[in-house]
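Participant:
Protein chains: 2
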Amino acid sequence: MLKLHHHPMSAASRFVRLVLGEYGERAEYLEERPWEKRRDFLALNPAATLPVMLEDDGPAIVGATVAGEYLDETRGVFQRDKRLLPEKPLERAEVRRLTEWFLGKLDSEVTRYLVRERVFKLEMSADAGGGPPDASAIRAARANLKHHLRYLGWLAESRDWLAGPRLSYADLAAAAELSILDYLGEIPWEKEPAAKDWYMRIKSRPSFRPLLTERVRGLPPVHHYVQLDF
Amino acid sequence: MLKLHHHPMSAASRFVRLVLGEYGERAEYLEERPWEKRRDFLALNPAATLPVMLEDDGPAIVGATVAGEYLDETRGVFQRDKRLLPEKPLERAEVRRLTEWFLGKLDSEVTRYLVRERVFKLEMSADAGGGPPDASAIRAARANLKHHLRYLGWLAESRDWLAGPRLSYADLAAAAELSILDYLGEIPWEKEPAAKDWYMRIKSRPSFRPLLTERVRGLPPVHHYVQLDF
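Chains as they are written, first to last, in the UniProt record's numbering: chain A, 1 to 230; chain B, 1 to 230.
(1) According to DSSP, is residue 73 of chain B helix, strand or coil?
(2) As a quick exercise: from A:51, A:134, A:73, pick the residue whose alpha carbon is nearest that of residue 3 of chain A.
(3) Can you list the residues of chain B that residue 105 of chain A reaches, using a CB-CB cut of under 8 Å?
(4) Residue 89 of chain A versus chain B: which residues are under 7 Å apart at the beta carbon?
(5) With the cut-off set at 8 Å, would you say residue 89 of chain B and residue 95 of chain B are in Cβ contact?
(6) Can you list, in chain order, the residues of its chain with a C-beta nearer than 6 Å to that of residue 221 of chain A? Leave out the 5 residues immediately preceding and following it.
(7) Starting from residue 242 of chain A and walking both ways along the alpha helix (DSSP H), at which residues does that stretch end?
(8) Please state whether DSSP places residue 186 of chain B in a helix, a strand or coil.
(9) Do three or more CB pairs link the region 129-146 of chain A to the region 101-120 of chain A at distances below 8 Å?
(10) Quick one: what does DSSP say residue 109 of chain B is sitting in, helix, strand or coil?
(11) Using the rule of at least 16 other Cβ atoms within 10 Å of the residue's Cβ for burial, across every protein chain shown, is residue 170 of chain B buried or exposed?
(12) According to DSSP, is residue 225 of chain B part of a helix, a strand, or is it coil?
(13) Considering only residues of the same chain and omitting the five flanking positions on each side of residue 208 of chain A, which have a CB-CB separation below 8 Å?
(14) Would residue 165 of chain A count as contacting chain B if we go by Cβ distances under 8 Å?
(15) Per DSSP, what kind of secondary structure is residue 104 of chain A in: helix, strand or coil?
(16) Just the C-alpha distance for residue 232 of chain A and residue 38 of chain B, rounded to the nearest angstrom, thanks.
(17) If residue 84 of chain B and residue 162 of chain B are in contact, beta carbons under 8 Å, what's the gap, nearest whole angstrom?
(18) Which residues share a DSSP beta bridge with residue 6 of chain B?
(19) Name, please, each residue of chain A whose Cβ falls closer than 8 Å to the Cβ of residue 92 of chain B.
(20) Counting only C-beta atoms, is residue 35 of chain A closer than 8 Å to chain B at any point?
(21) Comparing alpha-carbon positions, which option in B:35, B:100, B:75 lies nearest residue 12 of chain B?
(22) Less than 8 Å between the C-beta atoms of residue 149 of chain A and residue 177 of chain A, yes or no?
(23) Tell whether a beta-carbon distance below 8 Å holds between residue 49 of chain A and residue 58 of chain A.
(24) So residue 128 of chain A and residue 35 of chain A are in contact, right, with Cβ under 8 Å, and what is the actual spacing, rounded?
(25) Interface residues of chain A around residue 101 of chain B at Cβ under 8 Å?
(26) In terms of DSSP beta bridges, what is residue 180 of chain B paired with?
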């Protein structure tokens, strides 16, 4: 049995949850607030980052891309045309590049700031860094988001799915990030119709449903968050 | 034939060079100054990061971990007991966790700052961010380095190689980062004898030699940089 330490507003955690959903894998989900630096959690992952996955209480599988590779090696390999990493090394390299682009670059330039300022700071103690949001960080993240949406729109326009003809980790990585930004009402969808069309397609997949029903206490999502046709 | 766009002071580039060295792969090395945002380079990698690898002028293989996975799939798989990623999924997950720890966390908390402030700013134009070093960034990086050296020392003490009984990507990732920090004289080796012993072992490998002969213009390495027994 798989176990996943996650947080609903951690895009990296959502990525792994989408992969598990696509592969029809059941897992036990344990919510973790990484900023509390719980001793047992640090023992699993001294970097104190999410997600952390375990299989049958074995050693920790740390981080979204590491978990993604593990799931490809232990599940994806049996999925034939539903496998979320292609077979050919160069195609795998393109999927991995974009997966890193979204979970790394987009996350560190946009999502991480907005989630920290608009969500986590409300839940954090003053010691852990809680307090009022930093308006300049929010402004910078929103400016960066525009460039990322343009790139996403360009990918969505030029390819069936973001990394090529088939759904892949790249789509799930982008969707994980965007689903959080969309919850927060941060995405000007009308400016990027191709990106919107791609997101509607991925949002209607069964793997996405659990994400749409989650709520952050005291912070409801924008009204179109759950609408499949928005 | 492989081609690698790299920079001598890019730890991520050094990681791929060490992998190629361990596998005895020849490659053409092209030095790139990513802050110049050369148009042809941006076409290969819109993130403008190093390294970027190409095989037979095929599509770009972007980033150290993506290149590492590609080399494992196309070279490592034929290397038997010299393969730098183990065979078992859980062992691969541990190697990947540490590879990300060094190329991601250590790099972004330590190496990137020190290289930017002490090396790149000397070469950059004022437009690109050049100028005098920021003393507070250097101070913060040095403070972070202490924690990283302690963790590295602990790994080196508890295992033959950093991720287990065999040399792996984790060692090459750590060595890539440390070799740059050592060039700059930033490592208080005397405080972490187990880390020093591990570094002496990896430094004496033939794959390491090309790194030891490189020089940054106007910035010679500390005197022990090339000594195998220091």
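In this text, a Cβ means the ideal position worked out from N, Cα and C, and glycines have one as well. This structure is a prediction, so every number in the text was calculated from the model and none was measured.
Facilitator: The structure says:
(1) Of the three classes helix, strand and coil, the one that applies to residue 73 of chain B here is helix, per DSSP.
(2) Each of A:51, A:134, A:73 was checked against the Cα of residue 3 of chain A, and the nearest Cα belongs to A:51.
(3) Correct list: 47.
(4) Simply 70, 73, 74.
(5) Against a cut-off of 8 Å, the Cβ pair of residue 95 of chain B and residue 89 of chain B comes out as no contact.
(6) Excluding residues within five positions, the ones whose Cβ falls inside 6 Å are 183.
(7) With chain A covering only 1 through 230, there is no way to say anything about residue 242 of chain A.
(8) Annotated three-state conformation of residue 186 of chain B is coil, per DSSP.
(9) Flag = yes, the region 129-146 of chain A and the region 101-120 of chain A touch.
(10) Secondary structure at residue 109 of chain B: helix, using DSSP grouped into helix, strand and coil.
(11) That one is buried.
(12) In this structure, residue 225 of chain B counts as coil in the three-state DSSP scheme.
(13) Cβ-Cβ distances below 8 Å link residue 208 of chain A to 18, 21, 175, 179, 202 in the same chain, with the five nearest sequence neighbours on each side left out; the list follows chain order.
(14) No, residue 165 of chain A lies away from the interface with chain B (no Cβ there is under 8 Å from its Cβ).
(15) Residue 104 of chain A sits in a helix when the DSSP states are folded into three classes.
(16) Chain A is shown only over 1 to 230; residue 232 of chain A falls outside these bounds and no answer can be derived.
(17) Contact between residue 84 of chain B and residue 162 of chain B is ruled out by a C-beta separation of about 12 Å, above the 8 Å threshold.
(18) B:31.
(19) Under the 8 Å cutoff, chain A gives 69, 70, 73.
(20) The Cβ of residue 35 of chain A sits no closer than 8 Å to any Cβ of chain B.
(21) Ranked by how close their Cα comes to the Cα of residue 12 of chain B, the residues B:35, B:100, B:75 have B:100 in first place.
(22) In this structure, residue 149 of chain A sits away from residue 177 of chain A, with a CB-CB distance that is not shorter than 8 Å.
(23) No, they are not a contact pair.
(24) About 5 Å separates the Cβ atoms of residue 128 of chain A and residue 35 of chain A, confirming a contact at the 8 Å cut-off.
(25) What residue 101 of chain B touches in chain A: 47.
(26) The partner list for residue 180 of chain B (beta bridge, DSSP) is empty, contrary to what the question assumes.
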